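Number of protein chains: 2
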Amino acid sequence: MAARVQYLSASLLKTLREAPADAETLNHRLLVRAGYVRRSAAGLWSWLPLGKRVLDNVARVVREEMDAIGAQEVLLPALLPREPYEVSGRYEEYGDLLFRLRDRKGGDYLLGPTHEEIFTQLVKDQATSYKDLPVILYQIQTKYRDEARPRSGILRGREFQMKDSYSFDTDDEGLATAYRLHREAYIRIFARLGLDYRIVSAVSGAMGGSASEEFLAPAAAGEDTFASCAACGYAANTEAVTVTVPPADPAAHPPLEELDTPDTPTIETLAAHVGAPASATLKNLLVKVDGEITAVGVPGDREVDLGKLAEHLAPAVVEVVTAEDFATRPDLVRGYVGPQGMAGKAFPYIADPRVAPGTAWITGANRPDTHARNVVCGRDFEVDRYLDVVVVEPGDPCPSCGAGLGLERGIEIGHIFQLGRKYADAFALDVLGREGKPVRVTMGSYGIGVSRAVAALAEQTADDRGLCWPKEIAPADVHVVAAGKAVQTELARDVAERLGAAGLRVLVDDRAGLSPGVKFADAELIGVPTILIVGRAAPDGRVELKDRRTGEREELPVDEAIERLIAAR
Amino acid sequence: MAARVQYLSASLLKTLREAPADAETLNHRLLVRAGYVRRSAAGLWSWLPLGKRVLDNVARVVREEMDAIGAQEVLLPALLPREPYEVSGRYEEYGDLLFRLRDRKGGDYLLGPTHEEIFTQLVKDQATSYKDLPVILYQIQTKYRDEARPRSGILRGREFQMKDSYSFDTDDEGLATAYRLHREAYIRIFARLGLDYRIVSAVSGAMGGSASEEFLAPAAAGEDTFASCAACGYAANTEAVTVTVPPADPAAHPPLEELDTPDTPTIETLAAHVGAPASATLKNLLVKVDGEITAVGVPGDREVDLGKLAEHLAPAVVEVVTAEDFATRPDLVRGYVGPQGMAGKAFPYIADPRVAPGTAWITGANRPDTHARNVVCGRDFEVDRYLDVVVVEPGDPCPSCGAGLGLERGIEIGHIFQLGRKYADAFALDVLGREGKPVRVTMGSYGIGVSRAVAALAEQTADDRGLCWPKEIAPADVHVVAAGKAVQTELARDVAERLGAAGLRVLVDDRAGLSPGVKFADAELIGVPTILIVGRAAPDGRVELKDRRTGEREELPVDEAIERLIAAR
């Protein structure tokens, strides 16, 4: 049986009055100040006794709910050979994010950022027939990513705890079921953890695949921005927000007209010169896609999200165009590029959906100091490919109902993907089907940031006095404070042992030489939901119960206090 | 609540009739055949569902007993910065055993083989006063060592699970207490695990420090050899066996006499030529210690253990002498070296304790084709340093009682060290003492190979039919076999659910299309202690209970079987 009563007098606990200078976010400041975690190096954290308990509690909830959907727990190595990641292409795709190393024989290895490849190999080895499927495997394991800017304490570490699971099915219906089971399990998990969260549509990034949703916990420290619609409940990662503009009739516009526009190489100078809003102009951003110069057309008042563009075009490499590139292409007049006569000829032309067939624009005329107006999509130029690549802004139309979207920040605590057959194809993962022929397996991959959930919980539940854990996750059920001299300390220890014997997890602040004020402040900072104070009324056999969140206090006889805590367990 | 009933029809379990060709040891063969573990790469193993359960059970026992001695659980990173290991000197000392890597900024990191440095830093950061001590911290964590020859499956992997703990005290008595607490906890842990083990004296190797004992589980697959005395119970790692020979009177021997001994450069040719046993001759092995030629004198019938020599002389580097080295030293006559006139002059002279003062030897005369007899230690030569460096052989005298020692092979499952102040000195770890002055902290370090204990248990408890787990460690309490058709399968599932509802962990073999024989063989291979067979008598409501170890079987009514299993829980 684990030690249920933890005496602070015998604990290695050091609370801090001041947060470390580099701690920018609430969870970072409080988890360090309250002695839950300690930095070992950039992005590498030690979990101290209180932190380890909270981490274990989160892992326990995750484990129970994964078991409940019939997932089987395994543990794969974190140190992995290069070969399977070569097969999938991710050894290169991950770039600097991957920790790579050599063993004593010169063999190439990596520290696993996520384990699709290894699970695919495992199932290929173990499953031979459709009868062996479906199966869901999971692990709660240490993962590694060499973040460029590890920050926010444990929120974005380079070594972190993750639950990753993988589903294997012979058909799309099976995958949809595994996806739904995970979605429901995640809803139960985050509810039990007491996390406020939104489920948002997502693009799947380097993971490949199709359907994908993120679980985001709204928080100021969040690194993800998501769009949400107050009218219909739609929510999506901003990278996944789509725009639909109905086509109009190209013939409804006057003919194209060139304009003498000296010294107007930017949208601002052009709009001022012609006396039109920036939104009436067409901005043509030049980029290189795998070395080929490509134009991206968006309304003049919008910004291109280069990360989003790169995601869409991956694995192709997207780079900005340099002066040297212009020097090799005298047909491209810097500041005066337009798609008319050029799109599909001088360059491939990618456009935002707002540049819809039938819309008319003011844009460059491909000659110095000259623009054109009434440049109509579908009449004066064609678009090779539509992509949602503009930065989403508050008030943009909801793709679902058309109302204005709001933008919020959130912490990604979970992510579910329908991978499909990407990895099964790479590893030729087939099983014998019901009809006796090989069937290619379809997969899903599902993650929960276990250590990150601790940060998100701290962020969402803390107040100005400190941490404030939900009951199921707290490092203890009760924090007993001995506020006084020997008589208080003795009673506090006795109460703690009685609570411990009844199965409650108890912290007892029996440290000598500290004032009650210091102990009260530490109790608030540590954030156990219920504080039991053994103070002035101790000689009369009375103690105080205090609710950490509400601050409500009540004095009552010690036996009654103990009974009530046991009953509320 | 974790899933208590596991249906094999829904499990990713594949048992193998044949062990992998490279599996040399029993635990490796059986753990792979029974589907507990799977090799991902050399020395890198995946724990499959059954294996994960056993691993968790071992970890749980370790955790409970560590908590019981007041140790506090933490979790430190496995990816560690180079600097602290530079401070301790272990970054170099570990040599090829250490996995080293660089991050994206070119910073040097390593994968932790053990964490003395980081725990020392942690306590230096958290503890300021003697009041903060003593403290014992532990973690159950993934460790990394780049073994030259990873083998025996999980027994010697390159990534493995270890419990490591560290004690911090202000005085030697405190350290002795922490050491004793660990020793007692280890005794309880290995007893609960059902492991047969010996506690043996050990040298501490690269860890530094003084008192040290190993817990070795006798097994054919063991990689450690230890010496034990049937007479008095003494046991020690062979590297730690010492020899004491009382000094005799050097004057009791006739004077030194040179002998013409052509063509006798080896002990064998010399012994044959002079008609004396090899044990009467003195072998002088030349080595280089940090580049300096050094002679090591041992009786002619004994071998020098170069590893043991290197351990004694660490951190000095020990190398064998080459022909080139001889070329630079014409005073050293190859095959005819003796210590007389040379020891302490031509070379430092290290000797085995058997070369005691007053003993007489036949040895080289430092001239070609010439030896000498009656070469007496303390009269004709002096020894600079005595070290126990010969390979221990069966029948060597017990250092405790003098009876003949036996040699056995064992698996190192635990190791306890009194480190003393080695790391505290390196990191200047002081706390304010009771008298108001800084006191240097003294440390202990204590390990249990958690994954290795699984291998040791498999090795010790298996029989020719398969694995055979002790109750507390087994992946389930009962293995229910549905041996027949629908009626049997239905009853088996019903029985399993009733047992699961009562809190037992149950495996149910409800796989379709397999003969009872195959299922029985798999049950024996998997090794759950109790097998419940739902077979021919199922229509009469009768089942069979079988003890996996003894093979005893009993048929009884199903309700009675369930009651008995619940009662025996």
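Read top to bottom, the protein sequences are chains S and B. Last residue of the first sequence: 569 (the working numbering), numbering continuous. Last residue of the second sequence: 569 (the working numbering), numbering continuous. For glycine and all other residues, C-beta sits at the position ideal for the given N, C-alpha and C. As the structure is a computational prediction, the values presented were derived from the model and not from experiment.
Give a yes or no on whether 8 Å exceeds the smallest Cβ distance from residue i to chain S.
i      : result
Y85/B  : no
T142/B : yes
I154/B : no
P470/B : no
Q460/B : no
G436/B : no
K52/B  : yes
F520/B : no
Only counting the same chain, and skipping five residues up and downstream in sequence, which positions put a Cβ closer than 8 Å to that of residue i?
i      : result
R17/S  : R33
V375/B : L256, L282, G338, P339, Q340, A360, W361, I362, T363 and F381
A19/B  : H28, R29, L30, V32 and R33
E552/B : K546
With distances taken Cα to Cα, identify the nearest neighbour of residue i among the options.
i      : options                           : result
P539/B : A483/B, D547/B and G513/B         : A483/B
V337/B : H371/B, A217/B and A327/B         : H371/B
W361/S : R549/S, H253/S, G35/S and Y138/S  : H253/S
S167/B : Q418/B, K546/B and G378/B         : Q418/B
A537/S : G551/S, K519/S, T489/S and L259/S : T489/S
E92/B  : R434/B, D425/B, K437/B and A314/B : A314/B
D352/S : P134/S, Y386/S and A202/S         : Y386/S
G107/B : H115/B, E65/B and R82/B           : R82/B
Y36/S  : A567/S, A21/S, E24/S and D56/S    : D56/S
With distances taken between CB atoms, is the gap from residue i to residue j smaller than 8 Å?
i      : j      : result
A476/S : Q6/S   : yes
A456/B : I413/B : yes
G297/B : P339/B : yes
E655/B : V61/B  : The requested residue 655/B does not occur in the structure, where chain B is confined to residues 1 to 569.
L429/S : K124/S : yes
Q139/B : L75/B  : yes
E459/S : A148/S : no
G153/B : H28/B  : yes
K52/S  : E73/B  : yes
V54/S  : V454/S : yes
E239/S : K308/S : yes
D224/S : G406/S : no
Which residues in the same chain as residue i place their Cβ atom closer than 7 Å to its Cβ, once the five residues preceding and following it in sequence are excluded?
i      : result
P113/B : Y94, L97, L98, K143, Y144 and R145
E497/S : V5
R493/S : V508 and D510
P577/B : With chain B running from 1 to 569 in the structure shown, residue 577/B is simply not present.
G205/B : Low local confidence applies: a pLDDT of 45 at G205/B is under 50, so the model's placement there is unreliable, with the coordinate-based value given in what follows. Here the set comprises E311.
G541/S : P557 and V558
Grab me the residues of residue i's own chain with a C-beta within less than 6 Å of its C-beta, minus the 5 sequence neighbours each way, in chain order.
i      : result
S9/B   : D510 and R511
D301/B : A278 and S279
P250/B : G358, V376, G378 and R379
I479/B : Strictly speaking, residue 479/B in this sequence is His, with Ile absent from that position. Same-chain partners within the cutoff: L507, A523, V528 and I531.
Are the C-beta of residue i and some C-beta of chain B separated by less than 8 Å?
i      : result
S212/S : no
L80/S  : yes
A206/S : Residue placement at A206/S cannot be trusted, given a pLDDT of 42 that sits under 50; what the coordinates show is reported in the next sentence. False, the Cβ-Cβ gap to chain B never drops below 8 Å.
I526/S : no
I118/S : yes
S40/S  : yes
L76/S  : yes
G215/S : For clarity, residue 215/S is Phe in the given sequence; the question names Gly instead. Chain B, which has no Cβ nearer than 8 Å to the Cβ of F215/S, makes this no.
G70/S  : yes
W47/S  : yes
S11/S  : yes
- Item | Whole runs of the beta strand (DSSP E) within the region 422-453 of chain S, excluding any shorter than 3 residues | Qualifying beta strand (DSSP E) stretches, in chain order: 430-432, 438-440 and 442-449.
- Message: Which complete alpha helix (DSSP H) runs does the region 167-207 of chain B hold, if anything under 4 residues is left out?
- Response: The qualifying runs are 172-193.
- Message: As an exercise, report each continuous beta strand (DSSP E) stretch of at least 3 residues that is fully enclosed by the region 241-320 of chain S, in chain order.
- Response: With a minimum length of 3 residues, the unbroken runs of beta strand (DSSP E) contained wholly in the region 241-320 of chain S fall at 257-260, 282-289, 292-299 and 318-320.
- Message: I'd like the ranges of any alpha helix (DSSP H) spanning at least 4 consecutive residues and lying wholly in the region 498-542 of chain S.
- Response: Listed in chain order, they are 516-526.
- Could you name each continuous alpha helix (DSSP H) segment of 4 residues or more that falls completely within the region 320-385 of chain S, going from the start of the chain to the end? The DSSP assignment places complete alpha helix (DSSP H) segments of no fewer than 4 residues inside the region 320-385 of chain S at 323-327, in order along the chain.
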